[in-house]
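Protein chains: 2
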Amino acid sequence: MSGAQEKPLRADAARNRARLLDIATQVFTTRGAGVPTEEIARAAGVGVGTLFRHFPTKEALLEAVVVRRLETITARTAELIARAEPAEAFFACFRLVVEQSAGKGEFTRTLAAAGVDVHASLQESSAAMRAQLADLLAEAQRAGAVRPDLGLPELIALLVGTGATMEQLGDEPAARERIFEVVFDGLRPR
Amino acid sequence: MSGAQEKPLRADAARNRARLLDIATQVFTTRGAGVPTEEIARAAGVGVGTLFRHFPTKEALLEAVVVRRLETITARTAELIARAEPAEAFFACFRLVVEQSAGKGEFTRTLAAAGVDVHASLQESSAAMRAQLADLLAEAQRAGAVRPDLGLPELIALLVGTGATMEQLGDEPAARERIFEVVFDGLRPR
DNA sequence: CTAGAATCGGACTGGAGAGTCCGATTCAAC
DNA sequence: GTTGAATCGGACTCTCCAGTCCGATTCTAG
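Sequences listed follow chains A and B, in order.
Each residue of the first sequence is one higher than the one before, starting from 0 at the first, in numbering that gives the first Met the number 0.
Each residue of the second sequence is one higher than the one before, starting from 0 at the first, in numbering that gives the first Met the number 0.
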């Protein structure tokens, strides 16, 4: 579904598009989804017209940012799964998702509030992520590393919640590590 | 500090003010802080002029809602502290704060983003809450019920984060209970 | 190099929502 | 009941921002 069926963009157009995505990712992540589109455009060195040609809606831009991030996380998670034991992979992925989700909560919230619902592309990549997490969880439970009564919804909620915890905590590596210890201890069987 | 130094409000004015606070609490909690002030006013059966007389700013209204909630929680927490053993009180209060914080995250976020910083009244009641939590934590740690390396900032972050977890999870009592088990297990010493 | 198509830029529009203003209304003191 | 002060209501203004439009610019095929 994510093939390259689009006709090749003109050189400058492709450059602008990529630049917009990068800048938007950075700005939205650090300052929240409320930043005006015009500011994103200026930071990327283009006019708003250009921005809206590439992303017909602010929501579309947000969505593109989130999808790209999800895809990155999914890919890295796949690597981890292939390379490590179930238990180790599970906890490593938990860390990965939490670290990469910084500030993402606001996006999805905005998206859900704005559009009728999240769009097709997002549903697609988030479904892939869910499937991966479900596998990961099942494997870890089979290996006895995670309490067996935990479901996928709880795991996802915990991922989001731990992300919120970290956001609240700020940059204090030792404290962040202690949070991981608490959550991981809680996840293991009694 | 929270004495009654204000001159007595006229009967209708007092009624309107109370009604506005109630409605605002309800509406903001269920639909987020983005709801237009006009809608709050209409739901309360008054004009926007009235709303803005009592709360000169939307931010002020949000703040009043949050302060009131904090005060409620603080009072109930005090009861629990007086009535139970340290360990029991600690976990009961954790539950209480998480349950009562549903949807509050967005408020504080909005507040922090809007005003220069949170206002005096909020700082006051949140300082009271912090002090209470610090006591609670220290007592529970002395009783050996909570891992000793946990600080107040981590506790607060966990409260917020667990609130986010619950919000994400929705209304599924069994799942919510499992989340509490995970977090509480993680909080206890190894 | 040239022409024509794709892309750009940013002034402009429309709409939404916060906060103001003042004539109309309601309260309460006498 | 009367009267003046407090309060109300909601039309109105002002600001901010998403998204449009079109003349100007830049790319690329030949």
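We put the beta carbon where it would ideally sit given N, CA and C, even for glycine.
Contact set between residue i and chain A, taken where Cβ atoms lie within less than 7 Å
{"i": "leucine 8(B)", "result": "Result: empty, since nearest Cβ-Cβ is about 35 Å, beyond 7 Å."}
{"i": "isoleucine 22(B)", "result": "Result: empty, since nearest Cβ-Cβ is about 21 Å, beyond 7 Å."}
Helix, strand or coil at residue i according to DSSP, with G and I counted as helix
{"i": "aspartate 148(A)", "result": "coil"}
{"i": "threonine 56(A)", "result": "coil"}
{"i": "leucine 20(A)", "result": "helix"}
{"i": "arginine 187(A)", "result": "coil"}
{"i": "proline 85(A)", "result": "helix"}
{"i": "lysine 103(A)", "result": "helix"}
{"i": "arginine 9(B)", "result": "coil"}
{"i": "valine 34(B)", "result": "coil"}
{"i": "glycine 44(A)", "result": "coil"}
Where residue i meets chain B, residues with beta-carbon distance less than 8 Å
{"i": "glutamine 167(A)", "result": "Ile155, Ala156, Val159, Gly160"}
Residue i, buried or exposed, once every other Cβ within 10 Å from all chains shown has been counted against 16
{"i": "glutamine 122(B)", "result": "exposed"}
{"i": "lysine 6(B)", "result": "exposed"}
{"i": "leucine 8(A)", "result": "exposed"}
{"i": "glutamate 37(A)", "result": "exposed"}
{"i": "threonine 76(B)", "result": "buried"}
{"i": "threonine 56(A)", "result": "exposed"}
{"i": "alanine 139(B)", "result": "buried"}
{"i": "arginine 14(A)", "result": "exposed"}
{"i": "glycine 33(A)", "result": "exposed"}
{"i": "proline 85(B)", "result": "buried"}
{"i": "glycine 185(A)", "result": "buried"}
{"i": "arginine 16(B)", "result": "buried"}
{"i": "arginine 177(B)", "result": "buried"}
{"i": "arginine 175(B)", "result": "buried"}
{"i": "valine 115(A)", "result": "With a pLDDT of 47 at valine 115(A), under the threshold of 50, the modelled position of this residue cannot be trusted; read the value that follows with caution. When all chains shown are included, valine 115(A) counts as exposed."}
The alpha helix (DSSP H) enclosing residue i, as first and last residue numbers
{"i": "histidine 53(A)", "result": "47-53"}
{"i": "aspartate 170(A)", "result": "From DSSP, aspartate 170(A) is part of no alpha helix (DSSP H); its letter is neither H nor E."}
{"i": "arginine 141(B)", "result": "119-141"}
Listed by chain order, chain A residues near residue i by CB distance under 8 Å
{"i": "threonine 164(B)", "result": "Ala156, Leu157, Val159, Gly160, Thr161, Ala163"}
{"i": "alanine 174(B)", "result": "Gly150, Pro152, Glu153, Ala156"}
{"i": "arginine 189(B)", "result": "Asp184"}
Chain-ordered chain A contacts of residue i [CB-CB under 9 Å]
{"i": "isoleucine 72(B)", "result": "In chain order: nothing, as chain A lies at least about 17 Å away."}
{"i": "arginine 177(B)", "result": "Arg146, Asp148, Leu149, Gly150, Glu153"}
Under 7 Å by beta carbon: chain B residues contacting residue i
{"i": "glycine 185(A)", "result": "Val181, Val182, Asp184, Gly185"}
Cβ-heavy atom distance, residue i to the ligand MN, below 7 Å
{"i": "phenylalanine 179(A)", "result": "Here there are no bound small molecules, and the ligand MN is not part of this structure."}
### Task
Check whether the region 60-71 of chain B touches the region 16-31 of chain B, taking contact to mean three or more Cβ pairs, one atom from each stretch, closer than 8 Å.
Proximity of the region 60-71 of chain B to the region 16-31 of chain B meets the contact definition, three or more beta-carbon pairs being nearer than 8 Å.
### Message
Contact between the region 40-47 of chain B and the region 79-98 of chain B is defined here as three or more beta-carbon pairs at a separation below 8 Å; is this criterion met?
### Response
no
### Touching by the beta-carbon criterion (3+ pairs, under 8 Å), the region 161-175 of chain A and the region 152-165 of chain B
yes
### Message
So, does the region 143-155 of chain B touch the region 131-148 of chain A, judging by three or more C-beta pairs under 8 Å?
### Response
no
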